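Residue numbers (this note's numbering): 8 to 194.
Beta carbons are placed, not taken as given, at the ideal position from N, Cα and C, and that holds for glycine.
These numbers were taken from a predicted model, which means no experiment stands behind them.
To start, the structure itself, in structure tokens.
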Amino acid sequence: MKVAVKGDTSSFAKEIEQACGQDVLTCYQCRKCTMGCPMAFKMELKVSEMMRAIQLGLREEVLSADTMWWCVSCETCATRCPQGIEIVEVMDVLREKAFKEGYKIPLKTIEAFHKVFLDSVKSYGRLYEMGFAMDLNLKLRDPLKDADLGPVMLSKGKLKLLPDKVKDLKSVKKLFENVKKLEESRA
Ligand code: SF4
Ligand code: SF4
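Dropping the structure here:
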């Protein structure tokens, strides 16, 4: 049975709930999420601390934190949470809000990573690893980063020289168009 934090009516928590359906107010700070999070050692604000900050309505502190940018969406926290909170969904909402509202992304590689990844999916319907690595290196102005690994991975069949495209690329492009329209309608 879920237990709610009484007397806390943080509008920020409500805003998060409206965006992803996760009721952060039910978090009772057992810290199981933080104890299991493989990225906790990197986060200034740990997952459970972030949940509490949302409950308290500390919008600025949460959206400028590095927590959601270090999260690798491994789902460990959600699996351990006795309240059944899908914390990854909360992280997604926080990333989206922080990005849209112009908060500085504390890790410079993250924005480039997302952009290059989505460009690859848009072009081929899936990730073209070789192109992804080269584009990311160029974007980060480090063109030779890990270049020595390329030939080894190619020779072992871990990388392909040319991209594979999905059969129904039209549907993938349509998906991107729909997301764009949705974003424009929300703006
Ligand atoms: S999903 Fe994110 S926050 Fe949750 S345990 Fe994994 S890395 Fe940590
Ligand atoms: S595991 Fe769930 S209830 Fe426990 S602190 Fe984390 S979010 Fe809150």
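When distances are taken from the beta-carbon of I61 to the heavy atoms of ligand 2, even the shortest one reaches 7 Å or more. If you check the C-beta of S80 against ligand 1, you find a heavy atom less than 7 Å away.
Under the DSSP assignment, L189 falls in the alpha helix (DSSP H) whose first and last residues are 176-193.
Shortest gap from the CB of C44 to any heavy atom of ligand 2: 7 Å or more. Per DSSP, S127 is one residue of the alpha helix (DSSP H) stretching across 115-131.
Burial is judged here by how many other beta carbons sit within 10 angstroms of a residue's own beta carbon; E118 has fewer than 16 and is exposed.
Proximity of the beta carbon of C88 to ligand 1 is not indicated: no heavy atom of the ligand is located closer than 7 Å. Annotation for Q29: I92, E93, E96, V97 place their beta carbon closer than 6 Å to its own, counting only its chain and skipping 5 residues before and after.
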